Amino acid sequence: MNPVVPRPFRAPRRTLPKSVTLAHGGGGSAMRDLIDEVFIDTFNATGGAPEDQARFDLAGLMAKGDRLAFTTDGFVVDPLFFPGGDIGKLAVCGTINDLAVGAARPVALSCAVIIEEGLPLDTLWAVARSMADTAHAAGVPIVTGDTKVVARGACDKLFITTTGIGVIRAGMEVGIGRARPGDVVLVNGQLGDHGAAILNARGDLALDAEIRSDCAALHDLIDTLVTAAPGVRTLRDATRGGVAAVLNELASASGVGVCIRELDTPIRSDVQGFCEILGLDPLYLANEGKIVAIVPPEQAEAALRALRGHPLGRDAAKIGTVTDGRPGRVVMETRFGGERIVDMLVGDQLPRIC
Amino acid sequence: MRYVDEFRDPALARGLIREIETLAARMERGRDRPFSIMEVCGGHTHAIFRYGLEGLLPDIIEFVHGPGCPVCVLPMGRVDDCVTIAERPNVIFATFGDAMRVPGSRKSLLAAKADGADVRMVYSPLDALALARRNPDREVVFFGLGFETTMPSTALTVLRAAREGIANFSIFCNHITIIPTLRSLLEMPNLGIDGFIGPGHVSMVIGIEPYRFIAEEFLKPMVVAGFEPIDLLQSLLMVLRQLDEGRAAIENQYARVVPDAGNPRAMGAVDEVYELRPTFEWRGLGSIAHSGVRLREAYASFDAERRFAMSEIQVADPESCRCGEVLTGQLKPWACPMFGTACTPETPLGALMVSSEGACAAYYQYGGLRQPQLEGAA
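Protein chains in written order, with my numbering: chain A, 40 to 393; chain B, 4 to 381.
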């Protein structure tokens, strides 16, 4: 990517005010200052003159694989900061993961922010810093971006959209429609942490639980996995709608059944307890650091070993198998041998009253 | 998880299932119809489906899913009233989450929220009271809903609001009481129910005495049950044993939570704050005498019905809906012509499709294993 070079000239730093105002979105010097000081300096990714686009060397990209992967995702999480992460970390990890589950090596990200007038500048700094740290740790730079400020009430504090490009490993084919009966369903750890952490962090439950989001960039874990099990058929990050949504999608797209076992499904006891109290089902809770991997049976052991050998996959588990049951249907074997259907969720899960 | 895992122990469950099988096999001889056991409470319905219990039991045992889901039996006219109150410009309307999707004749609370009404989801009436404290210039209305399980917490909140002199808080009271409804159910002709699994949380408040008439007048056994699979299996076995021995008694399987005498302090708060209404409408069941409560005169200023002069308009359920027959065990959910076609969790026509505790929604979502008609339908 663009090498980091010292900036040839910059105006003396103005002191930014305590909070963002509409002037910061006006296209004038206030906006320039905001972008320079909060984003460009923090992301440390500008090369030379500020152009309107990042530029890539095609030959360099082609050396990494044989297809381009391109994805985008919007982040509107409330609260902005929660145990285990924040909107910035989420925005970087989310888009990296969307690339990685296509068997792509992430190359670069863009970042567009929409800021509500009045957002404390410290908050914006903290988010930008978190994005920069996460991108740096992941080795995926943020190379271009945009900033808009809207009037109070026109958005909620801060919205971020990240877009990413990556290069897909040559010859590697993964897809939602490729699962076959007999394949094994793997996950890389405990399910439902992110959804429970966010609900809990909103604070209106007053539950005394320390549940942390699992928010993490998974490209390195996936790299380990596809190296150990190159025959992997499907990879999906189990975000909104949780593992239940991913399994339903793949069962429909592949025209197969899926059977998972309750006893083998890893869920933290505090998340389980949280769900018991609220009448939620952890299978439907969002994850931000968990994938569902469908692997052919002969590579399942190697895949599981590879996942467990990675820091983000220590609690990886085989949770079920792909079957030749009714196409599109996901069934869970309950802990004492009963069966129930794990259907797609309609709307949001709403807590039951009693 | 302590105190939960023990009640989900597979080995224990298998033992209970074997006992039920043995007993049922003996009782089955010479019998031409299954044993119909009604679980009164929606929480039990949910648990039966969640753990796939139906599929583990012998065919001769059939669960009938009773009227104990307060969201499901809420009449459409009352939902319309909620929406009308919520749409008033200065109102914050606070409600439990699963009431938000119940369809009214115009719209649900969820739709009203999308259209600009200030509808907030809360987890306790005390959260609604806190909203009133924080927003002294707004009218905060709490949607009081549920059986005796939730009645005391609403009552205590009214008492606290009165003590603190909070003037911008009121309750839209739709609390209902289970006993008159069970009686009206038992008085129906052709009710083919052999025994009951009694509600656990309601009984924690009212105790087991009030059910006595079920055994003494109607000669049906009832076992008050907890909500874990082991609780349900054990309770079922207890009901079957009574049937086998020709007894009818009220037994308490959930003694770890339910004292036989209930919770006198909670009942004290309930008596202090509410009085019985002459009659209350239940969706699918019609009007049942003395089955609902309202705030007493002394707490009239906290009564949203009086405050906003509601008109109590009644709205008939769609004619095609057969929720009443399902609620009384005369029709299986999947046998309703609307089930899974015009009536789905996304577009519920009948109330039983709305809440996850409703029998139809439970069948639709978790798929009863004894519903061959469903294959190919969805």
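For each residue, glycine too, the CB sits at the ideal point set by N, CA and C. Quick caveat, the model's predicted, so the values are computed rather than measured.
- request: Check each residue of the segment 358-385 of chain A: if its Cβ is closer than 7 Å to any Cβ of chain B, include it; give the result in chain order.
  value: Residues passing the 7 Å Cβ filter: T373, R374, F375, G376, G377, E378, R379, I380, D382, V385.
field: Proximal chain B residues relative to Q311/A, where beta-carbon distance stays under 7 Å
entry: The contacting residues are M4.
task: With 8 Å as the threshold, decide whether the Cβ of G107/B is near any Cβ in chain A.
output: So no, G107/B is outside the interface.
query: Does E288/A have its Cβ less than 8 Å from a Cβ in chain B?
result: No, E288/A lies away from the interface with chain B (no Cβ there is under 8 Å from its Cβ).
- prompt: Under 8 Å between C-beta atoms, does V7/B make it to chain A?
  reply: True, the Cβ-Cβ gap to chain A drops below 8 Å.
task: Using a Cβ cut-off of 8 Å, pull out every chain B residue sitting near S293/A, in sequence order please.
output: Within 8 Å Cβ-Cβ: nothing; S293/A doesn't reach chain B, min ~18 Å.
query: Beta-carbon separation of P128/B and F145/B under 8 Å?
result: Yes, Cβ-Cβ distance for P128/B and F145/B is below 8 Å.
- prompt: Between A143/A and A108/A, which are expected to be in contact by the criterion C-beta below 8 Å, what is the C-beta distance as a whole number of angstroms?
  reply: The Cβ separation is near 4 Å, so the contact holds.
Proximity of V357/B and V74/B at Cβ, strictly below 8 Å: It is a contact, given that the beta carbons lie within the stated cut-off.
task: Mind listing the chain B neighbours of S308/A? Cutoff is C-beta to C-beta under 8 Å, in chain order.
output: Residues of chain B passing the Cβ test: M4.
Extent of the continuous alpha helix (DSSP H) to which R297/B belongs: First-last for R297/B: 296-298, but that is the beta strand (DSSP E), not the alpha helix (DSSP H).
query: Could one say the Cβ of E315/A lies closer than 8 Å to chain B's Cβ atoms, at least one of them?
result: Answer yes: the Cβ-Cβ gap between E315/A and chain B drops below 8 Å somewhere.
query: Are the beta-carbon atoms belonging to V226/A and V282/A less than 8 Å from one another?
result: Yes.
task: May I ask which residues mark the beginning and end of the alpha helix (DSSP H) holding T263/A?
output: Segment 258-267, the alpha helix (DSSP H) holding T263/A.
message: So F3/B and G265/B are supposed to be a Cβ contact under 8 Å. How far apart are they, rounded?
response: Look at the range of chain B in this structure, 4 to 381, and you will see that residue 3/B is not part of it.
- prompt: Which runs of the alpha helix (DSSP H) spanning at least 4 residues fall entirely within the segment 96-180 of chain B, listed in chain order?
  reply: Fully enclosed alpha helix (DSSP H) runs of no fewer than 4 residues occupy 112-117, 128-137, 154-167 of the segment 96-180 of chain B, in order along the chain.
- prompt: For the alpha helix (DSSP H) that contains L173/A, what are its first and last residues?
  reply: A quick correction: the sequence has Thr, not Leu, at residue 173/A. In this chain, the alpha helix (DSSP H) harbouring T173/A covers 160-177.
- request: Return the residues of the segment 228-247 of chain B that lie within a Cβ-Cβ distance of less than 8 Å from chain A, sorted by chain order.
  value: So the list reads P232, given in the order they occur along the chain.
task: Counting only the same chain and skipping the five closest in sequence on each side, list residues whose C-beta sits under 6 Å from that of P394/B.
output: The first residue shown for chain B is 4 and the last is 381, placing residue 394/B beyond what the model contains.
- prompt: Any C-beta of chain A sitting closer than 8 Å to the C-beta of Q317/B?
  reply: So no, Q317/B is outside the interface.
- prompt: Does the segment 157-164 of chain B come close enough to the segment 113-123 of chain B to have 3 or more Cβ pairs within less than 8 Å?
  reply: Counting Cβ pairs under 8 Å, fewer than three are found: no touch.
- prompt: In angstroms, rounded to a whole number, what distance separates the CA positions of K329/A and G228/A?
  reply: If you draw a straight line from the Cα of K329/A to the Cα of G228/A, it is about 7 Å long.
- request: Taking 8 Å as the cut-off, decide whether the C-beta atoms of L160/A and S58/A are in contact.
  value: With contacts defined by Cβ atoms closer than 8 Å, L160/A and S58/A form a contacting pair.
- prompt: With G107/B and M124/B assumed to form a contact (beta carbons below 8 Å), what rounded beta-carbon distance in angstroms separates them?
  reply: In this structure G107/B does not touch M124/B by the C-beta definition: roughly 17 Å separates them, more than the 8 Å allowed.
- request: Classify R374/A as buried or exposed, calling it buried when 16 or more other Cβ atoms lie within 10 Å of its own Cβ.
  value: Classification of R374/A: buried, given that the 10 Å Cβ count is 16 or more.
- prompt: Closest by CA to A170/B, which one among A354/B, P340/B, Y302/B?
  reply: Measuring from the Cα of A170/B, the nearest candidate turns out to be Y302/B.
Residues near H63/A by beta carbon distance below 6 Å, same chain, minus five either side: Once the five neighbours on either side are set aside, the close Cβ partners of H63/A are A69, M70, L73, V188.
field: Distance between I233/B and L15/B (C-alpha atoms, nearest Å)
entry: Taking the straight line from one Cα to the other gives about 7 Å.
- request: Counting only runs of 4+ residues fully inside the segment 60-96 of chain A, write out the alpha helix (DSSP H) ranges in chain order.
  value: Taking only runs of at least 4 residues, the alpha helix (DSSP H) segments lying wholly in the segment 60-96 of chain A are 68-73.
task: Note down, in chain order, each residue of its chain lying with its Cβ closer than 6 Å to the Cβ of D62/B, except the 5 sequence neighbours on either side.
output: Nothing listed; no residue qualifies.
task: Decide if N177/B is buried, meaning its Cβ has at least 16 other Cβ atoms within 10 Å, or exposed.
output: With 16 or more other Cβ atoms within 10 Å, it is buried.
- prompt: What residue does the beta strand (DSSP E) around A130/A start on, and which one ends it?
  reply: DSSP places A130/A in no beta strand (DSSP E) but in the uninterrupted alpha helix (DSSP H) bounded by 126-139.
task: Give a yes or no on whether the C-beta atoms belonging to V334/A and L286/A are separated by under 8 Å.
output: Contact annotation: V334/A and L286/A have beta-carbon atoms that are not nearer than 8 Å.
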